[in-house]
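Residue numbers (this note's numbering), protein chains in the order written: chain A, 64 to 397; chain B, 64 to 397. Every residue, glycine too, gets a C-beta built ideally from N, C-alpha and C.
Protein chains: 2
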Amino acid sequence: MKVSELGEFGLIELFAGIVIRSRGEALLVDIGDDAAAWRTDASIQLATCDALIQDVHFTLGTTTWRELGWKALAVNLSDIAAMGGLPQYALVSLGLPGDTEVEHMVELYEGMVELARLFDVAIAGGDVVGSPLVLLSVTVLGTASNQILTRAAAASGDHIAVTGYLGASAAGLVMLKRGLQLDKETAALLREAHLKPYPRVIEGQILACHGVKATIDLSDGLVSDLAKVCKASGVGARLRVGEIPIHPMVSAAFREDCLDLALSGGEVYELLFTGRIEVIDKIKGLMPCPVTVIGEMVSDEPGRVRLFDEQGGEVRLRRGGWEHFAPGSNNELR
Amino acid sequence: MKVSELGEFGLIELFAGIVIRSRGEALLVDIGDDAAAWRTDASIQLATCDALIQDVHFTLGTTTWRELGWKALAVNLSDIAAMGGLPQYALVSLGLPGDTEVEHMVELYEGMVELARLFDVAIAGGDVVGSPLVLLSVTVLGTASNQILTRAAAASGDHIAVTGYLGASAAGLVMLKRGLQLDKETAALLREAHLKPYPRVIEGQILACHGVKATIDLSDGLVSDLAKVCKASGVGARLRVGEIPIHPMVSAAFREDCLDLALSGGEVYELLFTGRIEVIDKIKGLMPCPVTVIGEMVSDEPGRVRLFDEQGGEVRLRRGGWEHFAPGSNNELR
């Protein structure tokens, strides 16, 4: 069997079955969540890594080196945020063709440092090797002193909420790939949503401090990531598509496709979380960003996400979330 | 300027100049040593990452998946060992072509787990993405409760010692690349030295516990890595080439080239350390492996490594150590 047939998530399950859980009770969360977590003497250590590969995750034709540096760090900070942690240290493993311009490397690092500075993250080390294509694998270490937020803690009856707006990252990818000419303001917003995502670190702290237990970032897309929460928690989900906070500029520029972009588009670094409605209502007032309730967790059909329109009719999802190795996937919107 | 002109070590210095040292006194060692180190409430945290890229660091024609898994973890455990630390957790970032066989992924992980088990390391998480070639970037976290061993702590008058034997890894690479037919015992030893290196974790602990301060592993080769110790410590080094512990099977199989293999061959996971002769003599009796004194650190010519034969005549090094992006370098013995 080829890995393309098993798929990314099948492969992750396979690896989880092979690795030993040798450190016993210290290891709180291993393969399969946004980040690994283990208990140290004083607190909880979080660790995550994500790789970006040229012409799989980015093309240098549409991404600047500075944006690439920012994004490579941002996707990892988002994973720490989604566990309710504070990022502290980053290691950068970099593969480069020998004819790469040194000034581009300066831009790459400046992009990382620009973001690192915002969250007091130290770029503490890494590795640089020759490679036929550009690749960046960033590891981020963080700590959590409070509750860890996992994808396995959702309960039937919980409401489902998201931070911010959806659809803009996928819309940005479509714009860049197709070379769409949009008005300046829209183009800038979509580009930033796709290439300079802002990790919800502060928001993750607020969730962890105020009783939320189940959180995930939407790096693989709303429906795909919510399905992971459902599977890990043994519950089902019902989404009201009319309440999904699609960014108004996305609705305006992609009238027909905007719901698909919001439901299926990956590389979204908003947080999805679940909790009792009184918890979510309290959090709404504390958050520096919009928080929108978009559905509920239910006890029937564990693992399944169902979508409903404003009249209560069921909506079929046209496109799946982003999965590596899925047939035809190459980070294109499918 | 291209990165091939600046070179790997120039690039690392460039990055070290850009990143902010934002975490102040907590960060003990950043870019440029075997591993990063920072102080936590209870101990010192160590973190390192190393990437292996298909057809740069390995070819699937000569390396089994199981060996690849072992080696990808081993090179990182060696970095933690060279800081005097105990490895605890690993994250694995994996890039794979979609047509990779799933059974090969099982072998890869089994190779990692085989080594992880020996040192009680938990494979706690990671990332798996599609990629046109196979790449593995492993991050290892560890702790040190005693003295950290850095490359900046060597002093004039220190003796220079190495663990184990040298030359076998580079000889193994030559054997595999050229398809040399050697006797069965030699072939097995050289293959293992190159593809299944055994990280000196226990030896690193002994060094840290018994007063050694400057240690490095020889992943870039004896002369290249010793030069890094010299540069970081502001001292020079004199090596007596006649005392370098070349593995007897390497001497027998590569009579003419064995000294070059031992001096310049990279991917050696022995530890080089420096210390007062009485410290080294005491350590010799404690180590589970041979320890050989091969030279001294001197105050003149900081940063320079000079080689001398048994008659005291100076020996010129024919070949440099392993550096990514060096002209013509592709992990071939140069």
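#1: Whole beta strand (DSSP E) runs in the segment 289-370 of chain B with 3 or more residues, listed along the chain?
#2: Let me check one thing: in DSSP terms, what residues is Q108(A) bridge-paired to?
#3: At least one CB of chain A closer than 8 Å to the CB of M168(B): is that the case?
#4: Taking the continuous alpha helix (DSSP H) assigned at L253(A), which residues delimit it?
#5: Note down, in chain order, every chain B residue with its Cβ under 8 Å from the Cβ of K65(A).
#6: Does any residue of chain B bring its CB to less than 8 Å from the CB of I211(A)?
#7: Name the chain A residues that come within less than 8 Å of S156(B), Cβ to Cβ?
#8: With DSSP run on the structure shown, which of helix, strand or coil describes Y261(B)?
#9: Can you give me the C-alpha to C-alpha distance between I309(B) and Q108(A), rounded to a whole angstrom?
#10: Along the chain, where does the alpha helix (DSSP H) that runs through G174(B) open and close?
#11: When you compare the CB positions of A145(A) and L285(A), do they come within less than 8 Å of one another, or not?
#12: Is the shortest distance between the beta-carbon of D190(B) and the beta-carbons of chain A less than 8 Å?
#13: I75(A) CB to nearest chain D CB: under 8 Å?
#14: Following the continuous beta strand (DSSP E) through D20(B), name the residue where it begins and the one where it ends.
#15: Name the DSSP bridge partner or partners of H273(B)?
#16: Grab the span of the alpha helix (DSSP H) containing S282(A) for me, first residue to last.
#17: Taking Cβ positions only, does A217(B) come closer than 8 Å to chain A?
#18: Quick check: what's the CA-CA separation for E266(A) versus A216(A)?
#19: Step through the CB atoms of chain A and report whether any lies within less than 8 Å of the CB of F121(B).
#20: I'd like to know whether the C-beta of V82(B) is nearer than 8 Å to at least one C-beta of chain A.
#21: In chain A, which residues lie with their C-beta within 7 Å of the C-beta of F78(B)?
#22: When the Cα atoms are used, what is the spatial distance from L245(B) to T127(B)?
#23: In the DSSP assignment, the alpha helix (DSSP H) including I143(A) goes from what residue to what residue?
#24: To which residues does DSSP link T226(B) through a beta bridge?
#25: By Cβ distance, which residues of its chain are closer than 7 Å to G358(B), with the 5 residues on each side in sequence left out?
#26: Identify the contact partners of D93(A) in chain B, using a Cβ-Cβ distance below 9 Å as the criterion.
#27: Go ahead and pull the three-state DSSP assignment for Q398(B).
#28: Give the interface partners of D363(A) over in chain B, defined as CB-CB distance under 7 Å, in chain order.
#29: If I measure Cβ to Cβ from R102(A) and keep anything under 7 Å in the same chain, skipping five residues before and after, which residues do I get?
#30: What does a CB cutoff of less than 7 Å around K345(A) pick up in its chain, not counting 5 residues either side in sequence?
#31: Taking the straight line between their C-alpha atoms, what separation do you get for E401(A) and Y228(A)?
#32: Quick check on the DSSP output: the alpha helix (DSSP H) that includes L380(A) runs from which residue to which?
#33: Since D104(B) meets chain A, which of its residues come closer than 9 Å, beta carbon to beta carbon?
#34: On the CB-based measure, 16 or more other CB atoms within 10 Å of its CB, does D113(A) come out buried or exposed?
#35: Is it buried or exposed, A315(B), if we count other Cβ atoms within 10 angstroms and call 16 or more buried?
#36: Flag this pair as touching only if the segment 137-154 of chain A and the segment 187-206 of chain A have three or more C-beta atom pairs under 8 Å; answer yes or no.
Walking through what the data contain:
#1: 299-303, 331-338 and 354-361
#2: W101(A) and T206(A)
#3: yes
#4: K247 to L258
#5: G161, D162, T163, E164 and V165
#6: no
#7: C112, D113, A114, S156, S200 and T202
#8: coil
#9: 42 Å
#10: V165 to L181
#11: no
#12: yes
#13: The structure shown contains no chain D; its protein chains are A and B.
#14: Nothing about residue 20(B) can be read from this structure; chain B reaches only from 64 to 397.
#15: Paired residue(s): none; H273(B) is not in a bridge.
#16: Counting along the chain, S282(A) falls outside any alpha helix (DSSP H), and DSSP gives it neither H nor E.
#17: no
#18: 18 Å
#19: no
#20: yes
#21: Y172
#22: 19 Å
#23: W128 to A144
#24: V354(B)
#25: I223, A300, R301, L302 and R303
#26: A185, I186, A187 and G188
#27: This structure leaves residue 398(B) out entirely; chain B is present only between 64 and 397.
#28: Within chain B, no residue comes near D363(A); the closest Cβ sits about 31 Å away, beyond 7 Å.
#29: A89 and L91
#30: H273
#31: The requested residue 401(A) does not occur in the structure, where chain A is confined to residues 64 to 397.
#32: No alpha helix (DSSP H) holds L380(A); DSSP gives it neither H nor E.
#33: T103, D104, A105 and S106
#34: buried
#35: exposed
#36: yes
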